[in-house]
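Written out below as C-alpha cells is the structure these notes cover.
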Amino acid sequence: MSKQTVRKEKQQERYSTFQVLSRLAKYTFRPALFVPLIIAVVISGAVDITMPTVMGKAIDAIVGPGNVNFAYVLKAAVTMLIFYIVGAGMNYVFNMLSNKAANRAVRDIRRDAYDKLSILPLKYYDTKAHGDIQSRFINDADMVGDGLVQGVAQLLSGIINIVGSLIFMLILSPVVTLAVLVVTSITFLTASAITKMSNKYFRAQQALVGRLNGLSEELIQGAKTVKLFNYEKRSQQRFDEINSELNITGRRAQFAGALTNPTTRFVNHLAYISVGVVGGAIAGISAGGISSFIVYSNLFAKPFNDLTSIATQIMTAIASARRIFEVMDETGTEEDAQNSVEIENSEGRVDFEAVNFSYELSHPLIRDFSLSVAPGSTVAIVGPTGAGKTTIVNLLMRFYEIDSGAIKLDNIDIRNIKRESLRRSFGMVLQDSWLFEGTVRENIAYGKENASDEEIEAASKFVHAHSFISKLENGYDTYIGEGTTLSHGQMQLITIARTVLANPPVIILDEATSAIDTVTERRIQRAFEKMMQNRTSFVIAHRLSTIQRADIILVMDAGRVVEQGKHEELLEKKGLYYKLYNSQYASEDEQE
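Structure, rendered in C-alpha cells:
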C-alpha cells in the first residue's frame, strides 16, 4: 500500500463508523418509504417463519403407513400456497421500495455534494485531482446508495428472521435451541473477526479507485501531449502501478470477505447434525418437528451466512460516504458580510493598496503591491512566467483572498462587496477557452440570462465569430459536447463573444488571443479596442505588440512591480521591459 493511500486512509478515519451512519440517516431513512418497507419486511418475514411449522405438522400428518391425514395435508398445501404468494408479493414491494430509497439517497447526496462543490474556493480545484473529485461525486454516491440502503434493508430482514426463528425454536424445544445457539455463536464470531479484518482493505480500495480515475482523466484529456512526448509507455507504467495496487488491495479485501461463507456454512452443517442428534435422541421431537427445526436453524443462521456480502456492501458504502463527506466538510467560500453592498453601474476605478498574498505562507508571491487605476484606463501587465500576473487578476475577482492590504472598486473594499455583484462588474476572457455542453447559442448567452437572438448574433459579429458559426451544421443551434470539431481558435472566439454580450464595466483579458491566428488576432484586437472604450481594462499579454497602446504597462517580476509606464518610456529605461521586448522583436541581424 502506497504512502499516499495510507495518508488518505488515515485522513478518512477522522469519521467514525457511528458518525458516518448517523449522518447518512437523513439521506436514507425516510418515513414515507421506510414505514411501508418495514411492513413489507415484517409480513415477508412472518410468512418465512410460519411456513416451517405448517410444513412440520404436514409431515407428521403423513408419517407412517395408513396414518395419512389427507384433509390436513390438503389444507396445509393451500395455506402454504397462499402464504408463498403473499410472501412473493411482499418481497417485490420490499425490493421496489429499497431500490427507490437507494435512488433517492443517491440523488440527495449528489445534490448536497454539488451544492458544496459550487461554493468551494478555486484553491480546492487547483490542488485536487479532478478525476478523484468526479469519482467521489459519481462512483462513491452510487456505492452509498446500493451498498448502504440495500445492505441495511437486507440486514433488517435478517434481524426479523433471527428473532422470529428463535421464538419458534424455543416453543418447539429450548434444549435443541440451545444447541443451535452455541453453534451459531461460533458462526457469528468467525464472521465478525473476518469482517473487521477486511474493513481496512475496502477503505483503501475506494481511495485507489479515486486515484485511478484521476490518472485516467489526466491521460485522456492530455492525450495529444502524451503522444507528442512519446509518454505512452511511461503513462502505461503509472497506470499499471496504481491498477496493480488496486488489484492487490481488491483481492485482499475479497479474499478476507470470502472467508466467511465457507467457514460459516461448515459450522451450519454442524448445526443440522446437532438438531438431528439432540432433537431425536434427547428431546424426543417428532420427524415433522425435526424438519421444522432444521428449516428454522437455517433461517436463523442465514443472516450470519450472508453477513459477508451485507458487511461488504455496508463497509464499502461507509468508506465511500467518508470520501463524500470529506468533500462536503471542506471549508467553502466565506459568506458575504452582512453589510456587503451591491455595485450597480461601476465606474471602473480600481485601487490596490499595499497588497500581500501567498499561495503558501512560507512562499510569499505578491509583496507590497500598490496601484491606482482611473476609470476607463487600460492597464497591461507583463513579465516572465511566475511573476504573479494572473494572480493579480485572481485577487481582483476574489478567487483568492489577500493576506493583507486592500483592493478597492469605486473606493469600496471588494471584501465589502457581494461576490455576485463584484463579479458581474468584470468580464474575463482566459487563455484557455472553456465551453459547456450545450448549443453555441447557450454558450454565448451563458453570462446573460434571457439574451435575445439579436444580442447573441450582434456579440458574435462584434468578435468576427458570426461567419464561422453560420457555416456550422445547425448554426447557432449546433450542439457542443464530446467530439466537438471546433478549432481552439473558434472556441476562443465564442468565449470572447460571451464576454462581449455580458457588457461588463471592467474587462480582463488573460492571454485572450493566444490561440488565434495573426489575421484573426488583428481583427480581435480592433474589436477589443472598441469594447474597451470607456471601460477599465486589464490585459495580461506575452505578445507585447498587443499592449503598446495601453495607458500604463506594469512590468512584474517575482510578485513585485519593477517598472511601470507607457511603452516608449519603458523602452527608454532599458530595463526588464526592454529586454522582454527585444527578445520578441529583435531584428534578424541582431538575432544572428
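In our numbering, the protein residues as written are -9 to 582.
We treat Cβ as the ideally placed atom computed from N, Cα and C, and that holds for glycine.
| Query | Result |
| --- | --- |
| Taking the continuous alpha helix (DSSP H) assigned at N524, which residues delimit it? | Looking at the DSSP string, N524 is not in any alpha helix (DSSP H), and its letter there is neither H nor E. |
| Which runs of the beta strand (DSSP E), 3 residues or longer, sit entirely within the stretch 529 to 556? | 542 to 547, 550 to 555 |
| For V369, which residues in the same chain have their Cβ closer than 6 Å to its Cβ, ignoring the five residues on either side in sequence? | V363, F528, I542 |
| Excluding the 5 residues preceding and the 5 following F458 in the sequence, name in chain order all residues of the same chain whose CB lies nearer than 7 Å to its CB. | Q480 |
| Could you give the residue range of the beta strand (DSSP E) that holds T323? | Neither: T323 is in no beta strand (DSSP E) and is coded neither H nor E. |
| Alpha carbon to alpha carbon, how far is T536 from Q515? Give it in angstroms, no decimals. | 7 Å |
| For the alpha helix (DSSP H) that V25 lies in, which residues bound it at each end? | 21 to 52 |
| DSSP three-state call for K16: helix, strand or coil? | helix |
| In the DSSP output, which residue or residues are listed as bridge partners for N346? | S394 |
| Flag this pair as yes or no: are the beta carbons of I314 and D122 separated by less than 8 Å? | no |
| In three-state DSSP terms, what is A370? | strand |
| Assuming A449 contacts L483 under a Cβ cut-off of 8 Å, what Cβ separation, rounded to an integer in Å, is found between them? | That pair is no contact at about 10 Å. |
| Less than 8 Å separating the beta-carbons of A344 and D547? | no |
| Pick helix, strand or coil for F426, following the three-state DSSP scheme. | coil |
| S282: buried (16+ other C-beta within 10 angstroms of its C-beta) or exposed? | buried |
| Roughly how many angstroms lie between the CA atoms of E445 and L570, to the nearest whole one? | 40 Å |
| Going by beta carbon distance, what residues of the same chain come within less than 7 Å of L198, once the five residues before and after it are set aside? | T(-5), I232, E235, L236, T239 |
| Could you have a look at Q1 and say whether DSSP puts it in helix, strand or coil? | Low confidence applies here, because Q1 scores a pLDDT of 47, under 50, leaving its location unreliable; read the following figure in that light. Looking at Q1 - three-state DSSP - the assignment turns out to be helix. |
| With C-beta atoms as the reference, is R508 less than 8 Å away from V419? | Inspection of the sequence shows that residue 508 is occupied by Thr rather than by Arg. Not a contact, by the Cβ cut-off of 8 Å. |
| Can you give the Cα-Cα distance for S69 and V44, rounded to whole angstroms? | Checking the sequence shown, residue 69 turns out to be Thr, not Ser. Cα to Cα, the separation comes out at about 8 Å. |
| Three-state secondary structure (DSSP) at S577? | The pLDDT assigned to S577 is 36, lower than 50, so where the model puts this residue is not dependable, and the model offers no usable value. |
| Kindly give me the distance between the Cβ atoms of F158 and I33, rounded to whole angstroms, as I take these residues to be in contact under 8 Å. | About 16 Å separates the two Cβ atoms, so there is no contact after all. |
| Assign G428 to one of two classes, buried (16 or more other C-beta atoms within 10 Å of its C-beta) or exposed (fewer than that). | exposed |
| Spatial neighbours of P365 within its chain, please: C-beta separation below 7 Å, excluding the five flanking residues on both sides. | E337, G338, R339, T526 |
| Counting along the chain, where does the beta strand (DSSP E) carrying S330 start and finish? | Neither: S330 is in no beta strand (DSSP E) and is coded neither H nor E. |
| What are the boundary residues of the alpha helix (DSSP H) that F452 is part of? | 443 to 452 |
| Under 8 Å between the Cβ atoms of A277 and D50? | yes |
| Suppose the cutoff is 7 Å on Cβ atoms and the five residues either side in sequence are ignored; what does the same chain contact list for A30 look like? | M80, V83, F84, L87 |
| L23 and A91 look like a contact to me (Cβ under 8 Å); what is the Cβ gap, rounded to whole Å? | 5 Å |
| Hey, L351 and A435: beta-carbon distance below 8 Å or not? | no |
| In angstroms, rounded to a whole number, what distance separates the CA positions of L146 and L27? | 10 Å |
| Please report the straight-line C-alpha distance between K461 and P21, rounded to a whole angstrom. | 56 Å |
| Just list the residues that DSSP pairs L361 with in beta bridges. | F342 |
| Going by C-alpha distance, which of K16, R357, V10, N493 is nearest F416? | N493 |
| What does DSSP give as the partner residues of M418 in its beta bridges? | I498 |
| Let me confirm a value: I75 is counted as buried when at least 16 other C-beta atoms fall within 10 Å, else exposed. Which label applies? | exposed |
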